[in-house]
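Quick note on numbering: the sequence shown equals residues 19 to 138 in our numbering.
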Amino acid sequence: MSAPLVEVTDLTKHFSVRGAGRTRDVVKAVDGVSLTIAEGEMFGLVGESGSGKTTLGQSILRMHEPSSGSVRFRGRDILPLRRREMTALRPAMQYVFQDPFSALNPRLTIVDAIGEPMRT
Numbered sequence: 019m020s021a022p023l024v025e026v027t028d029l030t031k032h033f034s035v036r037g038a039g040r041t042r043d044v045v046k047a048v049d050g051v052s053l054t055i056a057e058g059e060m061f062g063l064v065g066e067s068g069s070g071k072t073t074l075g076q077s078i079l080r081m082h083e084p085s086s087g088s089v090r091f092r093g094r095d096i097l098p099l100r101r102r103e104m105t106a107l108r109p110a111m112q113y114v115f116q117d118p119f120s121a122l123n124p125r126l127t128i129v130d131a132i133g134e135p136m137r138t
C-alpha cells in the first residue's frame with residue numbers, strides 16, 4: 019500500500035485579533051484537524067459558513083501558515099519548506115475556491131464541470 023497523497027495531523031490555525039482596548043483575543047479558526055486523502059480519492063469538505071473550511075484549505079497549502087500540526091504531501095513534510103520550494107510544489111496541489119464564478123466554468127453544466135478532472 020502506498021503512502022497517502024495528503025496527511026494532515028492535528029492542524030491548528032489561530033489568529034490573534036485586537037480585542038477591546040489593548041487586549042488581544044485569539045480566534046481558533048482551525049483547531050486540531052486530522053485527515054488523510056488517498057491518491058485518486060475524491061474529498062469534499064462541508065460545513066457551516068465560518069466553520070474554518072477555507073482556512074483549513076489555505077493552511078494545508080500554506081497560504082496561511084498553520085499555528086501547529088503537520089501536513090505531509092506525498093509523504094513529504096511541507097511545513098518546513100521555504101517559499102521557493104512551496105512555489106515549485108504548488109502546481110501538483112489543487113484548491114477549488116468557494117467562489118463558484120471563479121472555480122466553475124459557467125459554460126459547462128455542473129455534471130460536465132465535476133467530470134472534467136476525472137476525464138483528464
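Note that the Cβ used here is the ideal one computed from N, Cα and C, for glycine as well.
Pairwise C-alpha distance: residue j and residue i
| i | j | result |
| --- | --- | --- |
| residue 63 | residue 42 | 30 Å |
| residue 89 | residue 31 | 13 Å |
| residue 126 | residue 28 | 38 Å |
Nearest candidate by alpha-carbon position, reference residue i, set the options
| i | options | result |
| --- | --- | --- |
| residue 101 | 46, 56, 81 and 73 | 81 |
| residue 111 | 78, 134, 127 and 98 | 78 |
| residue 136 | 59, 50 and 28 | 59 |
C-beta atoms of residue i and residue j nearer than 8 Å
| i | j | result |
| --- | --- | --- |
| residue 107 | residue 91 | yes |
| residue 23 | residue 47 | no |
Identity of the residues DSSP links to residue i by a beta bridge
| i | result |
| --- | --- |
| residue 25 | 54 and 90 |
| residue 46 | 32 |
| residue 130 | Its beta-bridge partners do not exist; DSSP assigns none. |
CB-CB length for residue i against residue j, believed under 8 Å
| i | j | result |
| --- | --- | --- |
| residue 26 | residue 87 | 7 Å |
| residue 84 | residue 97 | 7 Å |
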